[in-house]
Structures are given as structure tokens and as C-alpha cells.
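Residue numbers (full-length UniProt numbering): 1 to 117. We put the CB at the ideal spot given by N, CA and C, even for glycine. Predicted model, so just to flag it, every value in this text is computed and none were measured.
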């Protein structure tokens, strides 16, 4: 089957009889004569086969959903993914839990003459 040369490659009829396919002849495949018949399609069936061709936007939407393997409602807002927060918890931002924001401690005033000494 993996032979690139069509002259020496095994054909479908021989594959159907191969021991690997038929479990050494225990489970032979049905013959084409028994299970293959010509299917005839009427003109009416052809006319009724396609009722509506979707718009291009629908085709693009479906292809996008298949590519993403996302089969939810595409028109519902996406739920935010749970992510780790890099901010500090709220209780660390509040002073003694009273609701006031944390203030930096007041620095003492400095006089110019004190800075030189």
C-alpha cells in the first residue's frame, strides 16, 4: 500500500482479500455485488437538495468556531478567564480596615540650616 509505483502497488481488490484486513480469512469483506448498487437520483431530489446557501459571514463564523474548537454561543459575551491578580489584597490597602487608603508616614519638616549640619 505504501509503494509509490502504481504498477507494483497492491490494488483495492487485493487489499480486500489480504489476510491482515480479513483477520486471516476469518472475517472476509462483503463482495461488491452483494452490497453495492447503483443509486439513482431524480431531478426533483437534486432541486430539493440545497434549500439555502448560508451567507459568507456564517461560513466564516463556522470555520472560526471549528478552528478554535469552540462550540458555545458565539454571540454571548466571552467569560473572562480566571487569572492571578498581581495587585495586593484589599485588606493590605486599607488602614486598620476603616476604609481609608494607606498614607505614607509624614516626614518631619527640614530647615536648610539643619540639612547642612
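Chain B within 8 Å of residue 47, Cβ atoms only: Considering every chain present, this structure includes no chain B. It has just one protein chain.
Extent of the continuous alpha helix (DSSP H) run through residue 21: Element bounds for residue 21: 19-22.
Same chain only: Cβ atoms within 7 Å of residue 56, ignoring 5 sequence neighbours per side: Setting aside the 5 residues that flank it on each side, residue 56 has no residue in the same chain whose C-beta is closer than 7 Å to its C-beta.
DSSP-derived helix/strand/coil call for residue 65: Three-state result, residue 65: helix.
Cα-Cα separation between residue 70 and residue 10, rounded to whole angstroms: Distance from the CA of residue 70 to the CA of residue 10, rounded to the nearest whole angstrom, comes to 41 Å.
Coil, strand or helix - residue 8 by DSSP: Three-state result, residue 8: coil.
Cβ-Cβ separation, residue 29 to residue 47 (assumed contact under 8 Å), whole Å: Between residue 29 and residue 47 the Cβ distance is about 36 Å, and since that is not below 8 Å, they are no contact.
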